[in-house]
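Engineer:
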Amino acid sequence: MNSIMQLPIDELADGVTYSFGVFYLELLYYFEEGKGATAWIASILVGVTLCSGPISSLFVNKFGCRVVTIAGSILASACLLASMWARNIITLYFTIGIGTGLGFGLIYLPAIVSVTCYFEKYRSLATGIAVCGSGLGTLIFAPCLDYFIATYGWRGAILICSGIVLNCTVLGALFRPLRTDKRKKRSSTEKSSQNMKNNPGEYSNNLSNEEQSKKIYSVSFQKENNRAGLKSLSQPVLISNNVIQDSLENIHKEHPNLMQGYSEEIFHIHKSSTSLPNKIDYIKAGNKEFKISIDRKLNAFQEDVTISLLKDPVFILFTFSNFCTSIGFYIPYIYVLPQAEERGINKKDASYLLAIIGIANTVGRIILGYVSDKPWVNRLLIYNLCLTICGISTTLSAFCTSFASFTLYSSIFGFTSGAYVGLTSVILVDLLGLNRLTNAFGQLLLFQGFASLLGPPIAGWLYDVLQSYDPGFFTAGGMITISGLILFFIPTIQQKIHKNVNTQRTKNIINN
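Here the sequence shown is numbered in full-length UniProt numbering, starting from 1 and rising by one per residue.
Here it is in structure tokens:
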């Protein structure tokens, strides 16, 4: 249900955001401000939407996807409604930029995270289908907003947008936590753990030290009481939390005869995939069984704002790449219309360019998501190539002079940028693990938000100084290209990290 509801939610919320280029021209003429100053409206809107990621992840962990989505929908709709009475561009900075942006931020993260966590085998395809609502929204909203503005003026068009966004409250109300499925079969690991519990003496010789006992740490998680609506994982997950590992090491030092194992109900993860386990069972070698219950209650806010991810070199590089992408990503959405009009294309035809981007983006997200789920496909490689092609095409778009050439560029940009939106959360899971997705995605959105605040105003200021949109597209294309190229170094970094871990593990074994 959550995955079905995300599509129309993205269609409504992102449709307004990505089609803001239609409003841009009207606001530019109405308020008679500079292009850079007018572009701040869209930049603040996108920036606040993304920067609110950590706040949204905190609320999702505490209140669940449904409540957060409904609250965000009401806030965004109310702020759009208030924009009708704006008398200057500064007011729109607060109503559309900050208010609506925060509302969209509360809508965006729970929709993405819920779908990414819901699916496992077809995660890329499911995410691609769910987020293709953004492309459909751009396809539908661009010509519709042009019609609304021509018929009712920009104030009337914003009123209509306010009513449309309010429908997200109904869609958000349909979000519901997934019922925990009863496992019909135990995994071989769980059976082994249960056998250890019943016959501990059989395993005492083989699992006398910590390094050997780590072999049974690969377990299946059973998630209960999950507000975010997560399903249980079917594939093994290695325990890597420092707090848990420290506790294991301390207990093992104090009780050298104590063998480490797990009972059947190993973990109960509450509220989010990032929560820590409440109980860990330990079984003593011999016929006696010891159960040591470790209660852990961590403050949710501290959990969500943790900076541990910022120490991960892979996450740092991926975040920097997304920062570069976000600087250039929204420039075409805002400036492709005025750029086309400057090249002699009439306004009606120019408005279709956003629709073309929307169509190509929708197709790209679905196809790239489907292909990325194939076992023989390297998802990260597809992601990198798409970003690189997207950046190069954006740079070359400065040489477009006809509607046909703009159509070609819009198609390439829309298709390849589908990887950026559709695969980012999936790549995060591949790189960091599902249990770190909520916090990682929230922090990633924060940096994307800061970058989005810079891109469109820079392009506008460059036009005010140079009287050309070309420098803005050169900047956008260059940043997106860089973002794709630097990600090719991630496998090398991962190999180095893995080598260091193995080296340290070997040293520990020798020392012990």
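C-beta atoms are modelled at their ideal positions from N, C-alpha and C, and glycine is treated no differently. Since we're looking at a predicted model, the values are computed, not measured.
Between Pro313, Leu454, Ile482, which has its C-alpha nearest serine 321's C-alpha?
Structural biologist: The shortest Cα separation from serine 321 among Pro313, Leu454, Ile482 belongs to Ile482.
Engineer: Alpha carbons only, please: which of Leu106, Tyr18, Ala13, Ile9 is nearest the one belonging to alanine 355?
Structural biologist: Checked all of Leu106, Tyr18, Ala13, Ile9; the closest Cα to alanine 355 is Tyr18.
Engineer: Please report how far the alpha carbon of leucine 106 lies from the alpha carbon of serine 73, in whole angstroms.
Structural biologist: Taking the straight line from one Cα to the other gives about 8 Å.
Engineer: Sort Leu462, Glu26, Tyr93, Gly101 by Cα distance to leucine 337 and report the nearest one.
Structural biologist: Answer by Cα proximity: Glu26.
Engineer: Thinking just about the alpha-carbon of each residue, which of Phe413, Asp464, Gly101, Phe474 is nearest to the one in glycine 34?
Structural biologist: The option with the nearest alpha carbon to glycine 34 is Asp464.
Engineer: Looking at leucine 50 and leucine 310, is the spacing between their C-beta atoms short of 7 Å?
Structural biologist: Contact flag unset, no.
Engineer: Here's the rule I'm using: 16 or more other beta-carbon atoms within 10 Å means buried, otherwise exposed. How should isoleucine 333 be labelled?
Structural biologist: Contrary to the premise, residue 333 reads as tyrosine rather than isoleucine in this sequence. Per the 10 Å Cβ criterion, buried.
Engineer: Starting from the N-terminal side, write out each stretch of the beta strand (DSSP E) that is 3 residues or longer and does not extend beyond the segment 404–428.
Structural biologist: The segment 404–428 contains no whole beta strand (DSSP E) run of 3 or more residues.
Engineer: For a quick check, are the C-beta atoms of tryptophan 85 and proline 457 less than 7 Å apart?
Structural biologist: No. Outside cutoff.
Engineer: Can you look up arginine 155 in the DSSP assignment and give me helix, strand or coil?
Structural biologist: Correct three-state label for arginine 155: helix.
Engineer: Roughly how many angstroms lie between the CA atoms of glutamate 341 and glycine 47, to the nearest whole one?
Structural biologist: For glutamate 341 and glycine 47, the distance between alpha carbons rounds to 27 Å.
Engineer: Taking the continuous alpha helix (DSSP H) assigned at proline 54, which residues delimit it?
Structural biologist: 53–63 is the span of the alpha helix (DSSP H), which, as asked, contains proline 54.
Engineer: Using the beta-carbon count (16 or more within 10 Å), is asparagine 508 buried or exposed?
Structural biologist: Asparagine 508 comes out exposed.
Engineer: Excluding sequence positions up to five away, which residues of its chain have a Cβ less than 8 Å from the Cβ of leucine 432?
Structural biologist: Within the same chain, leucine 432 has close Cβ partners Leu309, Asp312, Val314, Phe315, Ala440.
Engineer: How would you write the range of the alpha helix (DSSP H) that arginine 379 sits in, first residue to last?
Structural biologist: Looking at the DSSP string, the run of the alpha helix (DSSP H) that includes arginine 379 is 379–396.
Engineer: List the endpoints of the continuous alpha helix (DSSP H) containing serine 19.
Structural biologist: Per DSSP, serine 19 belongs to no alpha helix (DSSP H) and is neither H nor E.
Engineer: Exposed or buried, what is alanine 76 when buried is set at 16 or more other beta-carbons lying within 10 Å of its beta-carbon?
Structural biologist: Looking at its Cβ environment, which holds 16 or more other Cβ atoms inside 10 Å, alanine 76 is buried.
Engineer: So, does the segment 468–478 touch the segment 388–407, judging by three or more C-beta pairs under 8 Å?
Structural biologist: Enough Cβ pairs lie closer than 8 Å, so yes.
Engineer: Taking a contact to mean a Cβ-Cβ separation below 7 Å, would you say leucine 437 touches leucine 423 in this structure?
Structural biologist: Against a cut-off of 7 Å, the Cβ pair of leucine 423 and leucine 437 comes out as no contact.
Engineer: Which two residues bound the contiguous alpha helix (DSSP H) that contains asparagine 502?
Structural biologist: Counting along the chain, the alpha helix (DSSP H) containing asparagine 502 begins and ends at 490–511.
Engineer: State the Cα-Cα distance for the pair alanine 459 and lysine 348, rounded to the nearest angstrom.
Structural biologist: Going by the C-alpha atoms only, they are around 23 Å apart.
Engineer: Helix, strand or coil: how does DSSP classify aspartate 430 here?
Structural biologist: Looking at aspartate 430 - three-state DSSP - the assignment turns out to be helix.
Engineer: In three-state terms, what does DSSP make of isoleucine 96?
Structural biologist: Helix at isoleucine 96.
Engineer: Should glutamine 495 go down as buried or exposed, given a rule of 16 or more other Cβ atoms within 10 Å for buried?
Structural biologist: The residue is exposed, with fewer than 16 neighbouring Cβ atoms inside 10 Å.
Engineer: Between which two residues does the alpha helix (DSSP H) holding glycine 472 run?
Structural biologist: Counting along the chain, the alpha helix (DSSP H) containing glycine 472 begins and ends at 470–486.
Engineer: Leucine 380: buried (16+ other C-beta within 10 angstroms of its C-beta) or exposed?
Structural biologist: Label assigned to leucine 380: buried.
Engineer: Please name the residue, chosen from Ile90, Ile96, Ile89, that lies closest to alanine 82 on a Cα-to-Cα basis.
Structural biologist: If we check each option's Cα against that of alanine 82, Ile96 comes out closest.
Engineer: What residues in its chain sit with their C-beta under 8 Å from that of leucine 45, if we drop five residues either side in the sequence?
Structural biologist: The residues are Thr17, Phe20, Ile96, Gly97, Thr100, Gly101, Phe104.
Engineer: Just reading off the alpha helix (DSSP H) that glycine 463 is part of, what are its end residues?
Structural biologist: The sequence shown places tyrosine at residue 463, rather than the glycine named in the question. Run containing tyrosine 463: 437–466, per the alpha helix (DSSP H) assignment.
Engineer: Could you pull out every residue in the same chain whose Cβ sits closer than 6 Å to the Cβ of cysteine 400, ignoring the five residues on either side in sequence?
Structural biologist: For cysteine 400, where only same-chain residues beyond five positions count, the Cβ hits under 6 Å are Phe406, Tyr409.
Engineer: Among Gly364, Tyr370, Cys324, whose alpha-carbon lies nearest the alpha-carbon of leucine 485?
Structural biologist: Ranking the options by Cα distance to leucine 485, first place goes to Cys324.
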